[in-house]
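Taken in order, the sequence shown gives residues 0 to 84; the numbers are from numbering that gives the first Met the number 0.
First the structure, in the form of structure tokens, and then the observations on it.
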Amino acid sequence: MEEIYFYGLAHFGLQVAEDYLRRLHQAFDNLSHHQLGKNIDAIGPGLWVLPVANHLIYFRQHRREVNIIRVLHHSRDPLSQSFFN
Numbered sequence: 000m001e002e003i004y005f006y007g008l009a010h011f012g013l014q015v016a017e018d019y020l021r022r023l024h025q026a027f028d029n030l031s032h033h034q035l036g037k038n039i040d041a042i043g044p045g046l047w048v049l050p051v052a053n054h055l056i057y058f059r060q061h062r063r064e065v066n067i068i069r070v071l072h073h074s075r076d077p078l079s080q081s082f083f084n
């Protein structure tokens, strides 16, 4: 999250960086209250993805708990990431 914030700060300014981070945090909060995202078992068992602006939130749901696995820029290839193992 720090990388996302500092990239936004350097390229778009303080207000945009803070708004973008708030938007991601709001999406995190919404994951715990709503059935959101798309199941992507083909990439990893029990894995879900939710697009938020230019990023994708990868997560797993366990009963009432949501585990955020990774937040990646939409241009990154999730299959090349080792965090799904």
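Each residue gets a CB set at the ideal place from its N, CA and C atoms; glycine is no exception.
This structure is a prediction, so every number in the text was calculated from the model and none was measured.
Asked	Found
Where Ile-39 falls: helix, strand or coil (DSSP)	coil
Element boundaries [alpha helix (DSSP H), containing Gln-14]	13-30
Under the three-state DSSP convention, the category His-10 falls into	helix
Residue of Ala-41, Leu-30 and Asp-18 minimising C-alpha distance to Val-65	Leu-30
For Ile-53, the nearest candidate out of Arg-75, Gly-12 and Phe-27 (CA to CA)	Note that residue 53 corresponds to Asn in the displayed sequence, not to Ile. Checking every option, the nearest Cα to that of Asn-53 belongs to Arg-75.
Burial state of Tyr-19, where buried means 16 or more other Cβ atoms lie within 10 Å	buried
Rounded straight-line distance, which links the Cα of Ile-56 to that of Gly-12	23 Å
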